[in-house]
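So for the sequence shown, my numbering puts the first residue at 729; every next one is plus one. Encoded as structure tokens, the structure appears first; notes follow it.
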Amino acid sequence: MDRHSINRRGMMLASMTGLAIAGMGRPALGQLASNATGNAATYRLRVGDIQATVVSDGGLSGPPGVYAGDAPEAEFREALTRAFLPTDTMVLNLNTLLIETGGRRILIEAGAAQTMGPNGGRLFANLAAIGLRPEGIDAVVISHTHPDHVGNLRTPEGGKAFPRATVHVPEADWSFFMRDDPDLSYLPVSPDFRRRFGEAIKRSLEPVVRDVVLYRAGTEILPGLATLPAHGHTPGMASFLVHSGPDQLLLTADLAYHPVVNIERPWRPGPDRDKDAALEARRRIFDRAAADRLLVLGFHYPFPGLGHMLKTDSGYAWIPANWQF
């Protein structure tokens, strides 16, 4: 099988059901939220004076080849096997970030709900486990408008899931996905999946159409939160830099899906719309992360998604951060 054949694999059709908001209990702040198996689903850290919490929305899965579109088949399977990963499916996490600064609570990425399968939509239960209801979120900042980043913006009834929050969305993504009829033929999935994918974006963003705030990457969108241009995956995707004093946390959004296939190997994600621009952004931002020894949060990396980039002769290595108790 040649490297291009991986791109032609169909991704499992996503369930397009609405999000399910779980019961909103109120345990003490700082308590670890748990999923159905009892494992941690939130992780707290500090960035200078900013309190930050990684909050899981669950996960999604698909054929591994979708996430490494140009990988040679034999080499690809060997890399997955060596990393103790299955070769028939790849599980990706959904790591949103809550930051608390200046008396405001800002959620970076909204998560998927169940727009990309049944294992998303855990965000609200996990927020509840640290004492937060949707009404407590002041702003939601989106890196790009793929369904797994915006799905939780809509309630099952079609309303705003975060009723008080200002929602910030990249202007170029809004124009491409919402104002126009987007050409999604570049996605390495079935035509039916593309249709559902586009519909999920529009449905998820409908509740905020009248009051969305559009931004262009490269600005300080809110105090302590800078945006970095990272287009290529989508027309307007941004990476984020949370900063307070000398401390910084870099959020890479979808520059990479999984460290094994897009960091430790140079393979390009199939869903990148402009693969050359995405590659340039990936190298530029990863180089900065390595040179400045930044703490990095990957949206899809194994929970809690925190680590560092190390520059190597062949590219980069991912070094997971030590767990802090």
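Virtual Cβ for every residue (Gly too), placed ideally from N, Cα, C. Bear in mind that the values here come from a model prediction, so they are computed numbers and not experimental data.
Between Glu863 and Arg892 a beta carbon distance of about 6 angstroms is seen, short of the 8 angstroms cut, so the two are scored as contacting.
The beta carbon of Trp902 sits closer than 6 angstroms to the beta carbons of Leu942 from its chain, once the five residues preceding and following it are set aside; these are given in chain order. Beta-bridge analysis with DSSP links Leu950 to Leu953.
Note on the stretch 929-993: whole alpha helix (DSSP H) runs with a minimum of 4 residues are 987-990, in chain order. Taken in chain order, the unbroken stretches of alpha helix (DSSP H) that lie wholly in the stretch 832-914 and span 4 residues or more are 851-857, 875-878.
Around the beta-carbon of Arg774, fewer than 16 other beta-carbon atoms lie within 10 Å, marking it exposed.
Rounded to the nearest whole angstrom, the CA to CA distance from Ala966 to His874 is 12 angstroms. With respect to the C-alpha of Ala928, the residue from Ser918, Leu979, Phe905 having the closest C-alpha is Phe905.
Two segments are said to touch when three or more pairs of C-beta atoms, one from each, lie closer than 8 angstroms; by this definition the stretch 822-841 touches the stretch 947-954. Looking at the DSSP output, Tyr1044 shares a beta bridge with Lys1039. A residue is called buried when at least 16 other Cβ atoms come within 10 angstroms of its Cβ; Val937 does not meet this threshold and is exposed.
Exclusion of the five residues before and after Gln976 leaves Val775, Leu969, Val970, Asp1020, Leu1022, Leu1023 as the residues of its chain whose Cβ lies within less than 8 angstroms of its Cβ. Residue state for Asp785 is assigned as strand, using DSSP reduced to three classes. Annotated as distal: Trp995 and Asp816, with beta-carbon spacing of 8 angstroms or more.
In the assembly as shown, Arg1001 is a buried residue. Its beta-carbon has 16 or more other beta-carbons within 10 Å. Under the DSSP definition of a beta bridge, Ile827 partners with Ala780, Ile834.
Pairing Ser784 with Leu822 gives a Cβ-Cβ distance under 8 angstroms. According to DSSP, Val775 shares a beta bridge with Ile778.
DSSP places Gly793 within a helical segment (H, G or I) once states are collapsed to three. The residues Pro957, in chain order, have a CB closer than 6 angstroms to that of Gly946 in the same chain once the five nearest residues on each side in sequence are set aside.
By alpha-carbon distance to Gly787, the top candidate from Arg772, Glu806, Pro1030, Ala853 is Pro1030. Beta-bridge partners assigned by DSSP to Thr770: Val783. For Asn1050, DSSP assigns no beta-bridge partner whatsoever. Within its own chain, the residues whose Cβ lies closer than 6 angstroms to the Cβ of Met844, once the five positions on either side in sequence are excluded, are Ala742, Leu788, Pro875, Asp876, listed in chain order.
For Leu1022, there is no enclosing beta strand (DSSP E), as DSSP gives it neither H nor E.
The beta carbons of Gly1033 and Val782 sit closer together than 8 angstroms. Here the alpha carbon of Val895 sits roughly 18 angstroms from the alpha carbon of Thr962. Contact between Ala841 and Gly830 fails: their C-beta atoms lie close to 29 angstroms from each other, not under 8 angstroms. Secondary structure at Leu822: strand, using DSSP grouped into helix, strand and coil. Contact between Trp1046 and Ile991 holds, with the beta-carbon distance rounding to 5 angstroms and staying under 8 angstroms. In the three-state reduction of the DSSP assignment, Leu1007 falls in the helix class.
Assignment of beta-bridge partners to Leu813 by DSSP yields no partner. Comparing alpha carbon positions, the residue from Ala856, Arg922, Arg993 closest to Tyr914 is Arg922.
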